[in-house]
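Chains as they are written, first to last, in my numbering: chain A, 1 to 155; chain B, 1 to 393.
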């Protein structure tokens, strides 16, 4: 059994091999590997008795399930109207400067990916962003520097 | 602050009777009495579509099925809406009590909270609350089990049938209606899908009774409503207000003195310009709390420094990305609207081209499969009609 097969098997054991388990399993893979690989999709398809195209269709439907490799910490900056009005661009510029990547890219050490996302539901405290599952609001260039420094020190 | 607007604490407040005591009281009544109370109360869904909650429960209760489900729709994705997150954070017991009452009424043994992926950080908090809820169910001999189901960043999954598809492991694409979820929902079984705030309001009806509930609000819009206020305002946040307030009153309270427009109901709602504040009332009769998508209470305020072209372009960008792509009017329509206004702005197309685009939104309104594609017309036509010069120059 490959490493991927083992990972998928553990998730299938946890959530069950019914079709309804597909999204939780894909989310589980994403949490562990920071993307859903072709290999993982094929393995899930086999376990759930679905076609791999079907699993691919599901994975690519959701903006939080990337099928290309992402960094360990995925930064998603809200670009919807209220955050946009509250200087989202300044936040993105600061992030691009600190991380030395553009939106859509991943740092060479695979630690950070920088992405846009749609409304995060923090319009009253914008600009806002997610780093993996953690929410950061009322962002300023200064607070961004602190947050990123903190993540840089994490393993 | 002056009390120009009637402030309530019906939804987020603490009351002498705890939510689980309210549930206990409800469980002693006949399901049909709870349903008729809900119908009499006139409670309408707080997600935005505004369907009578009592009727939904009645259909699901009457539906044949060995298994039934209660689903709490916490896939709050409408731009400018954040009240469901606040409800789940502050008063999760009220939501769970509402789900418990619904389960008792329709005969469901299993419930789900479909939580948007953006709120994943809430899962441990909700799971602790659910564990406590289960203990209460056990005490009250209610055989009902609730689980959190996490979304993964798709706005369209807030549409109830797309949500069910997502839970079943399919792409989150809306289904044809009918059949409605009350007959043919999760796994083909009768299912009630209610917005977070709707479940709280259903619990409120049980707590204060039909008469008291009907005293809140106006005409066909009973009860209170949480409003998510954001944009150019000195007081962004969540407010529990009564239905029936005029936009004029609202702006006087929440505006920054320079308010040019208010977007009511999020990107899928309507943009109201200053000259119409006086004549616009918030509530279902005006159809202004969002049309058919799961939103309700999103109030985004724009002052005169904002370009309404940028606002509209931002919305179209949002819709283009969030369209599930299943039906052509929405998939192609959203793209073409965006390309279209950009071309007009650049001067590549004559201003008259805006009329063509308005016709396209009319077509989308009639032909798109779900609320997403149908409601793009709301913001598009209300912005283009009221701020035409900003689209051109």
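Note that CB positions come from ideal geometry on N, CA and C, so glycine has one too. Only a predicted model underlies this, so the values are computations on that prediction, with no experimental measurement involved.
The shortest CA-to-CA distance from residue 98/B to any of 119/B, 332/B, 130/B, 67/B is the one to 130/B. Per DSSP, reduced to three states, the secondary structure at residue 7/B is strand.
Chain-ordered, the chain B residues with CB closer than 9 Å to the CB of residue 117/A read 118, 153. Under DSSP, residue 252/B forms no beta bridge with any residue. Residue 189/B places its beta carbon 8 Å or farther from that of residue 100/B.
Our two residues, residue 110/A and residue 346/B, have alpha carbons roughly 40 Å apart in a direct line. The Cβ atoms of residue 145/B and residue 110/B sit closer than 8 Å to each other. In the assembly as shown, residue 268/B is a buried residue. Its beta-carbon has 16 or more other beta-carbons within 10 Å. Between residue 23/A and residue 166/B, the C-beta spacing is below 8 Å. Residue 128/B carries a helical assignment under DSSP once its states are collapsed to helix, strand and coil. Classified as buried, residue 129/A has 16 or more neighbouring CB atoms from the shown chains inside 10 Å of its CB.
Within the same chain, Cβ atoms closer than 8 Å to the Cβ of residue 100/A are found at 107, the five residues on either side in sequence being excluded.
If one requires a minimum length of 3 residues, the beta strand (DSSP E) runs lying completely within the segment 169 to 250 of chain B are 191 to 195, 224 to 231, 237 to 242, in chain order. Taking C-beta atoms under 8 Å as the contact rule, residue 240/B and residue 11/B qualify, at a distance of about 5 Å. For residue 118/B, DSSP records no beta bridge to any residue. For a cut-off of 8 Å, the C-beta gap from residue 171/B to residue 61/A is around 4 Å, short enough to register as a contact.
Nearest to residue 311/B by C-alpha distance, out of 297/B, 352/B, 266/B, is 266/B.
For residue 63/A, the neighbours in chain B by C-beta distance under 7 Å run, in chain order, 153, 154.
Cβ atoms of residue 104/B and residue 27/B come within 8 Å of each other, at about 5 Å.
When DSSP states are grouped into helix, strand and coil, residue 81/B belongs to the coil group. Looking at the DSSP output, residue 134/A shares a beta bridge with 131/A.
Under DSSP, the beta-bridge partners assigned to residue 44/B are 52/B. The C-beta of residue 19/A comes closer than 8 Å to at least one C-beta of chain B. Taking a beta-carbon distance threshold of 8 Å, residue 16/A does not count as an interface residue toward chain B. If you ignore the 5 residues before and after residue 137/B, its C-beta comes within less than 6 Å of the C-beta of 144, all in its own chain and listed in chain order. Look at residue 27/A: its C-beta is under 8 Å from a C-beta on chain B. In terms of Cβ geometry, residue 42/B and residue 51/B do not form a close pair [threshold 8 Å]. Between residue 67/A and residue 35/A, the gap from beta carbon to beta carbon is short of 8 Å. Within the segment 58 to 85 of chain A, 58, 61, 62, 63, 64, 65, 80, 81, 82, 84, 85 place their CB atoms closer than 7 Å to a CB of chain B, listed in sequence order.
Among the residues of chain B, those whose CB is under 8 Å from the CB of residue 133/A are 120, 121, following chain order. Among the bridge pairs identified by DSSP, residue 74/B is matched with 115/B. Note that the C-beta distance between residue 213/B and residue 233/B is not below 8 Å. In the structure shown, residue 75/A adopts extended strand secondary structure according to DSSP, grouped into three states. Contact annotation: in the segment 95 to 121 of chain A, residues whose CB is within less than 8 Å of a CB in chain B are 117, 118, 119, 120, 121.
Closest by C-alpha distance to residue 179/B, out of 60/B, 321/B, 305/B, is 60/B.
By the beta-carbon neighbour count (other beta carbons within 10 angstroms, threshold 16), residue 121/B is exposed.
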